[in-house]
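The block underneath contains the structure these notes are about, expressed in structure tokens.
2 protein chains.
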Amino acid sequence: MFSQACKYAIRAVLYLAVHASEGKKAGVKEVSAALDVPKYFLAKILQQLSRNHLISSTKGPSGGFYLSEQNREATLKEVVECIDGPDVFNSCILGLPVCSSENPCPLHVQAFAYREGLHYQLKHQAIGDLAKRIEREEQKI
Amino acid sequence: MFSQACKYAIRAVLYLAVHASEGKKAGVKEVSAALDVPKYFLAKILQQLSRNHLISSTKGPSGGFYLSEQNREATLKEVVECIDGPDVFNSCILGLPVCSSENPCPLHVQAFAYREGLHYQLKHQAIGDLAKRIEREEQKI
DNA sequence: TTAATAAAAGATTTTTTTGTCTTTTATTTT
DNA sequence: AAAATAAAAGACAAAAAAATCTTTTATTAA
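If you want it as structure tokens, here you go:
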């Protein structure tokens with residue numbers, strides 16, 4: 002479903018949402034250690050998210066990554082599409098060039114129904130709200 | 002979700018289910034042309050499925066691939082797991098080593114529902130029955 | 001204002017996946 | 001029995017994804 006880079010991206014964003022803020026930034030080192038993720042690879046991913054304004058960063062001492070209030074209003078759908086491209090949620094599960102409700106592949110109905118569930122959550126839940134739930138339910142990232 | 006090889010495998014098996022039989026075998030050339038899939042790559046995939054008794058084959062003139070009656074009773078779940086390994090349907094969508102209903106990752110609930118629907122169909126519908134539906138509804142493969 | 005810090009950027013390497021080609025083996029038709 | 005056919009097997013090449021390392025730039029704290 003998601004590339005390795007995308008999985009790291011989602012987890013990193015959620016980590017920042019829970020553990021960092023404008024006043025308490027987190028560096029690549031901290032995030033990669035906390036999530037047990039390759040440091041330099043994660044750095045590239047965070048850069049890409051930062052360039053696309055999905056996370057915020059500042060250089061220099063006491064710098065690092067964090068989510069601004071605006072960043073917290075974005076959704077994981079945007080994060081996912083930033084890393085894996087815009088077609089993640091609507092490309093055919095069998096790779097057929099045309100596959101839709103009108104012209105469905107043999108697995109379309111099931112694949113669509115259940116992928117939409119995931120898509121819906123990622124699209125409609127703000128990252129900030131998701132972070133609150135994670136803290137409340139003490140979920141692992 | 003599925004690797005490229007796995008997508009080709011599913012489509013090839015369905016093609017054989019619809020267009021081939023013990024009396025009317027299909028060669029790699031025919032299948033790759035019909036599905037527009039790389040010939041030699043498909044050959045490898047069909048070999049692997051054959052070794053695992055998910056499809057049948059015979060060498061020599063008028064040889065080729067087909068599904069025996071027994072093959073038609075198998076499911077696409079077996080095909081998928083033959084190519085992509087046994088964890089496709091139960092590994093964490095974020096790649097966490099532990100992720101379950103008791104210890105869920107932040108996306109577990111949605112991801113689980115998404116995959117289980119698909120999993121259920123692939124697990125409970127015999128390839129032979131699926132092929133009949135494809136013919137009845139004239140679906141593309 | 002200098003040294004230290006940390007992200008940004010660029011280049012490179014490694015690994016995995018995808019795709020191709022050649023040789024061998026089994027089977028069948030002539 | 002010989003020639004032709006088609007899968008099986010093995011080796012190889014190309015492309016993509018994942019991971020690493022080095023240099024540069026911006027910022028801040030001493």
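Chains as they are written, first to last, in this note's numbering: chain A, 2 to 142; chain B, 2 to 142.
Note that beta-carbon positions come from the ideal geometry of N, C-alpha and C, so glycine has one too.
Bear in mind that the values here come from a model prediction, so they are computed numbers and not experimental data.
Relative to the C-alpha of residue i, which candidate in the options has its C-alpha closest?
| i | options | result |
| --- | --- | --- |
| residue 92 of chain A | A:106, A:83 and A:130 | A:106 |
| residue 31 of chain B | B:101, B:141 and B:65 | B:65 |
| residue 126 of chain B | A:139, A:108 and A:28 | A:108 |
| residue 62 of chain A | A:89, A:26 and A:72 | A:26 |
| residue 24 of chain B | B:69, B:129 and B:42 | B:69 |
| residue 47 of chain A | A:128, A:83 and A:113 | A:83 |
| residue 128 of chain B | B:51, B:2, B:80 and B:34 | B:80 |
| residue 67 of chain A | A:76, A:77, A:51 and A:78 | A:51 |
| residue 151 of chain B | B:88, B:123, B:29 and B:100 | A question about residue 151 of chain B goes unanswered here, because the residues of chain B that appear run from 2 up to 142. |
| residue 38 of chain A | A:77, A:103, A:6 and A:138 | A:6 |
| residue 104 of chain B | A:130, A:117, A:138 and A:100 | A:138 |
| residue 22 of chain B | B:73, B:2, B:45 and B:49 | B:73 |
Under the assumption that residue i contacts residue j (Cβ atoms under 8 angstroms), give the Cβ distance between them as a whole number of angstroms.
| i | j | result |
| --- | --- | --- |
| residue 60 of chain B | residue 95 of chain A | The pair is not a contact, with the Cβ atoms about 29 angstroms apart (cut-off 8 angstroms). |
| residue 119 of chain A | residue 41 of chain B | In fact, because the Cβ distance is near 35 angstroms, the residues do not count as touching under 8 angstroms. |
Could you give the DSSP three-state label for residue i: helix, strand or coil?
| i | result |
| --- | --- |
| residue 57 of chain B | strand |
| residue 3 of chain B | coil |
| residue 66 of chain B | strand |
| residue 22 of chain A | strand |
| residue 44 of chain A | helix |
| residue 75 of chain B | coil |
Within its chain, find whatever has a CB closer than 8 angstroms to the CB of residue i; leave out the 5 residues flanking it on each side and keep chain order.
| i | result |
| --- | --- |
| residue 36 of chain A | 9, 12, 13, 16, 43 and 142 |
| residue 140 of chain B | 134 |
| residue 132 of chain B | 15, 18, 19 and 73 |
Below 6 angstroms CB to CB, which residues in the same chain sit around residue i once its five sequence neighbours on both sides are set aside?
| i | result |
| --- | --- |
| residue 121 of chain A | none |
| residue 4 of chain B | 85 |
| residue 33 of chain A | 40 and 43 |
Using a Cβ-Cβ cutoff of less than 7 angstroms, which residues in the same chain neighbour residue i once the five nearest sequence positions on both sides are dropped?
| i | result |
| --- | --- |
| residue 20 of chain B | 27 |
Contacting positions in the stretch 110 to 125 of chain A - beta carbon closer than 7 angstroms to chain B
Residues 111, 112, 114, 115, 116, 118, 119 and 122.
Between the stretch 52 to 82 of chain B and chain A, which residues of the former have a C-beta closer than 9 angstroms to a C-beta of the latter?
Taking 9 angstroms as the upper bound on Cβ-Cβ separation, chain A lies near residues 77 of the stretch 52 to 82 of chain B.
For the stretch 10 to 41 of chain B, list every residue whose C-beta sits within 8 angstroms of some C-beta in chain A, in sequence order.
Those would be 11, 12 and 15, in chain order.
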